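One structure is given here, and the rest of the page talks about it.
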Amino acid sequence: MKIEQAHIDQIRKQFEALQSKEDLLKILNDAKNMLYGEKCKPFQLKSLTYYANPVLCKKRYKTFTIKKKSGEDRTIQAPVKGLKSILRSLNFVLQCVYEPHQAATGFVLDKSIVDNAKKHVGHHYVLNMDLKDFFHTFDRNRVKMGFMFEPFNLNGDKEPLAFLLACLCTHPLEIDGEVKTVLPQGSPTSPTITNILCKKLDRRLTGLANRFGATYTRYADDITFSSPHNIYTNEEFNKELKRIIEEDQKLVINPKKTRLQKSGYRQEATGLIVNEKVNVRRRYVKQIRMWLYYWEKYGYEKAEKIFKRDYIADKGHVKKINARLVNVLDGKLEFLKMVKGVEDGTYNGLKERFDKLTNKPKNVTDKQIISINYNTNHTKEIISTNANHIPTSIEETYPKLHNPKQLVEILKYFNSNNSNLKYSTHSWEFGKYENFEVFHKQLRNEWKKISPILKSLNTRLHAKINSFLFNDKLGQKNEIGYFNAWGEKSLKFGWSSKEVKIFCETTNNNPLLCPIPNEIRELDKQWNLLIFKDYVDVFKNEIEFREDSGNLKKLFLTKRKEILSYDFKIDLQNLDGISFYTDVAYFSKVVEIIFHESFKPRPQYFNILVKAFSKGDCIMLSITQIGSVCQREVNESKIIKPTGFLNSICENMINLADFSICSVFNDQKCYRINYLVSQEGIPQVEKLMNDEYNGFTYEFKFYL
3 MKIEQAHIDQ
13 IRKQFEALQS
23 KEDLLKILND
33 AKNMLYGEKC
43 KPFQLKSLTY
53 YANPVLCKKR
63 YKTFTIKKKS
73 GEDRTIQAPV
83 KGLKSILRSL
93 NFVLQCVYEP
103 HQAATGFVLD
113 KSIVDNAKKH
123 VGHHYVLNMD
133 LKDFFHTFDR
143 NRVKMGFMFE
153 PFNLNGDKEP
163 LAFLLACLCT
173 HPLEIDGEVK
183 TVLPQGSPTS
193 PTITNILCKK
203 LDRRLTGLAN
213 RFGATYTRYA
223 DDITFSSPHN
233 IYTNEEFNKE
243 LKRIIEEDQK
253 LVINPKKTRL
263 QKSGYRQEAT
273 GLIVNEKVNV
283 RRRYVKQIRM
293 WLYYWEKYGY
303 EKAEKIFKRD
313 YIADKGHVKK
323 INARLVNVLD
333 GKLEFLKMVK
343 GVEDGTYNGL
353 KERFDKLTNK
363 PKNVTDKQII
373 SINYNTNHTK
383 EIISTNANHI
393 PTSIEETYPK
403 LHNPKQLVEI
413 LKYFNSNNSN
423 LKYSTHSWEF
433 GKYENFEVFH
443 KQLRNEWKKI
453 SPILKSLNTR
463 LHAKINSFLF
473 NDKLGQKNEI
483 GYFNAWGEKS
493 LKFGWSSKEV
503 KIFCETTNNN
513 PLLCPIPNEI
523 RELDKQWNLL
533 IFKDYVDVFK
543 NEIEFREDSG
553 NLKKLFLTKR
563 KEILSYDFKI
573 DLQNLDGISF
583 YTDVAYFSKV
593 VEIIFHESFK
603 PRPQYFNILV
613 KAFSKGDCIM
623 LSITQIGSVC
633 QREVNESKII
643 KPTGFLNSIC
653 ENMINLADFS
663 ICSVFNDQKC
673 YRINYLVSQE
683 GIPQVEKLMN
693 DEYNGFTYEF
703 KFYL
């Protein structure tokens, strides 16, 4: 939804009158509705108090690493879904109430890296500085104090509200061997709060810059000074600069990322060239030209092969390697337009070549909605205002490659007689392998061949299998104080645990009979796993719904009980006797999303039908809310390009299964919308006979 000044004024007025937690809850719910443009499911007061207390809510954040441009790891703490939703709305409220200093350009409404760079164009000297461990410098007390002063004024009787907000926005993290409650890097509110707490820093550094005839800006932790003359060897300037940042504001300058750039050489601010005008690097434009040339000369298929080779070599250490040429080019052109402007000749020339290759007419935007007509015999006739686009194209909506067949072929290694991976989940005698070392070496060699493919298809599944097979630090604490583990149960024993090797060498027995050491049994005691076979069985049930386990039926019955309650009746048909490979945790999450976001809000349709059947080389699984229909037009943007929970389902099911929805829409006709289809298929909308479906249906196609 487009945010207007009236929305901002309303939030400000509500915040000025804020007196209680209930008032805060009302503001957050109003902000949520403004952001998403419709009546959303409201936050509950108990959710605020729950997520604000890290003692009660122990898993508020998920920690992972991403690669920096330097190749080093950056640790990110991402809030869990419930907390993230609250923080997004809170961040909008903070941005409405607070007006950052004019020198702050990062994470500010209607500002970008271009606005930051423009202020430093044409200066003889440009100084770049970086603040070390920026977000972690701001602890809970400092955040609370920020809420107590203007413009928030949560002081006196309102101080508990300042503490509540500070608790929501901070999290206990281990920093330099000490646990501190600080702003997490990855929280929606952290950048905005740093702008709030850095206003004094911005004001004083602006004053310092004015005093010496320079210009100052800050983009998050990236500080830039520029000037027509060299003030950066001036002892007084450097002494005052360090005093303001380190002594006055208790921040730390990172000397490794401090550099002075002189005219005559390339000068940059927030990654953009600022010598004569704001610009991208020459290599950026040359790369776009090169890829367009390959596409024009060799056709798309061969051009994409060349692109993937070069892209992986150039960006594989920091980005996902399953990018598509058409999407990368589209994104790069959008960035070029932002930097150089829509009237720029270079941009327009490249964009014209791109549009010609994609058959996109001039003056047609991607926001124009596709219209779909059908002739009387129901053969599909697709008429689009954008000739390059078809409904729900994978390239358009989900840039990741969708190839569930290939993922299943890899998981089949765990059941193939010709595979070493099979014997990581099945019993074997030493007649099969000379000894444990030989088995593990052959296992690793086989894994090396298929590991990169699986990683490109599903990084989480890859990490789970890799850790189960080869992590020799399971059960040990990592650098942030958590035990190394694998799987949904966070188990701390696997094939590379030293006890398995010792057991095989000393007993000449089946490794699956290896007893679990007492210290590991204590860590995993809630699961009551006594021998290694118990761990192997858990692993097998995380990569496959097995006919002998009944876990598919248990999944639906459990989620019904947890989410829908017994007021909903559930009919399970043909779920016995079927098996298929998938990431069980991902699909379980999808079922949870469907029950919670789609079925629960419509309790009047209390009959749920789950049905499975075999069809050629696949298992078809449908989940239907009997009698329910879609209250939208079939060609609405939220249907063709799904948002919200429909988008979450698609994201979770990429490379696991094909996914479609079927329903009667507002025109009283029934359609199937294919969001994810295997590589050979073309995603589109199909018209169905109205009696083919008896309610809103989610369809999944799992390959065998």
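In the numbering used here, the protein residues as written are 3 to 706. Glycine included, every Cβ here is placed at the ideal spot set by N, Cα and C. All values reported here derive from a predicted model rather than from experimental measurement.
Inset, instruction - Count the other CB atoms, across all protein chains shown, that sit within 10 Å of the CB of Y267; report buried if there are 16 or more and exposed otherwise. - result: exposed
Inset, instruction - List the whole-angstrom C-beta distance separating F17 from N31, where the pair is believed to meet the contact cut-off of C-beta under 8 Å. - result: Rounded, the Cβ-Cβ distance is 14 Å, inconsistent with contact.
Inset, instruction - Please classify A19: is it buried, with 16 or more other beta-carbons within 10 angstroms of its beta-carbon, or exposed? - result: exposed
Legend entry - For G273, the nearest candidate out of S581, H231, Y221 (CA to CA): Y221
Legend entry - Buried versus exposed, by CB contacts within 10 Å (16 or more), A8: exposed
Legend entry - For K671 and C620, the rounded distance between their alpha carbons: The straight-line gap from Cα to Cα measures roughly 28 Å.
Inset, instruction - Please classify G697: does DSSP put it in a helix, a strand, or coil? - result: strand
Legend entry - Per DSSP, the bridge partner or partners of H173: The partner list for H173 (beta bridge, DSSP) reads V184.
Inset, instruction - Whole angstroms is fine: what's the gap from K602's alpha carbon to Q251's? - result: 50 Å
Inset, instruction - Leaving out five residues on either side along the sequence, give the residues of the same chain with a beta carbon under 7 Å from the beta carbon of E590. - result: Contrary to the premise, residue 590 reads as Ser rather than Glu in this sequence. Excluding sequence neighbours, S590 sits near L557.
Inset, instruction - Rounded to whole angstroms, what's the CA-CA distance from Y400 to S600? Just pull it up for me. - result: Note that Y400 scores 37 on pLDDT, short of 50, meaning its location in the model is unreliable and no value can be drawn from it.
Legend entry - Nearest-angstrom Cα separation, counted from I5 out to V344: 23 Å
Legend entry - Rounded C-alpha distance that separates N609 from A587: 25 Å
Legend entry - Span separating the alpha-carbon of K457 from that of E448: Each residue's Cα considered, the two are about 15 Å apart.
Inset, instruction - Could you check what DSSP says for P435 in three-state terms: helix, strand or coil? - result: As written in the sequence, residue 435 is Tyr, which differs from the Pro given in the question. In the structure shown, Y435 sits in coil (DSSP, three-state: anything other than H, G, I, E or B).
Legend entry - Simplified DSSP assignment, three categories, for W488: strand
Legend entry - Nearest to E507 (by Cα), restricted to the options E436, K475, E176: E436
Inset, instruction - Could you tell me which residues DSSP puts in a beta bridge with S228? - result: DSSP, once it has assigned bridges, lists V128, T217 as partnering S228.
Legend entry - E152 versus T217 - alpha carbon distance: 26 Å
Legend entry - the segment 461 to 473 in contact with the segment 488 to 495 per 3-pair CB rule at 8 Å: yes
Legend entry - N- and C-terminal bounds of the beta strand (DSSP E) containing D75: 75 to 81
Inset, instruction - Figure out for me which residue from R355, K443, S189, R205 has the closest Cα to the Cα of S87. - result: S189
Legend entry - Collapsed DSSP secondary structure at E383 in the structure displayed: Reliability fails at E383, whose pLDDT of 28 lies under 50, so the model's placement of it is uncertain and the value that follows must be treated cautiously. In this structure, E383 counts as strand in the three-state DSSP scheme.
Inset, instruction - Could you please give the first and the last residue of the uninterrupted alpha helix (DSSP H) stretch that includes L26? - result: 23 to 38
Inset, instruction - State the CB to CB distance for the pair L459 and N520, rounded to an integer number of angstroms; the pair is presumed to be in contact (CB under 8 Å). - result: At roughly 38 Å, the Cβ-Cβ gap does not stay under 8 Å, so L459 and N520 are not in contact.
Legend entry - P406 in three-state terms, based on DSSP: Note: P406 maps to helix in three-state DSSP.
Legend entry - C-beta contact flag for L677 and K407 at 7 Å: In the sequence as displayed, the identity of residue 677 is Tyr instead of Leu. Their beta carbons are not under 7 Å apart, which means Y677 does not touch K407 by this criterion.
Legend entry - Reduced DSSP secondary structure (H/G/I, E/B, other) of R261: strand
Legend entry - DSSP three-state assignment for D573, whether helix, strand or coil: strand
Inset, instruction - Could you name the residues that DSSP lists as bridge partners for R674? - result: C664, E688
Inset, instruction - Consult DSSP for T67 and reduce its assignment to one of helix, strand or coil. - result: strand
Legend entry - Identified DSSP bridge partners for V612: L574, I625
Inset, instruction - Tell me, please, whether the segment 123 to 135 touches the segment 273 to 290 by the rule of three or more beta-carbon pairs shorter than 8 Å. - result: yes
Inset, instruction - Go ahead and label P605 buried or exposed: buried means 16 or more other beta carbons lie within 10 angstroms of its beta carbon, across all protein chains shown. - result: exposed
Inset, instruction - Quick one: using the 10 Å Cβ neighbour count with 16 as the cut-off for buried, is L1 buried or exposed? - result: In the structure displayed, the chain extends from 3 to 706; residue 1 sits before or after that span and is not available.
Inset, instruction - Report the option in C59, K61, K60, I78 whose CA atom is closest to the CA atom of I68. - result: Ranking C59, K61, K60, I78 by CA distance to the CA of I68 puts I78 first.
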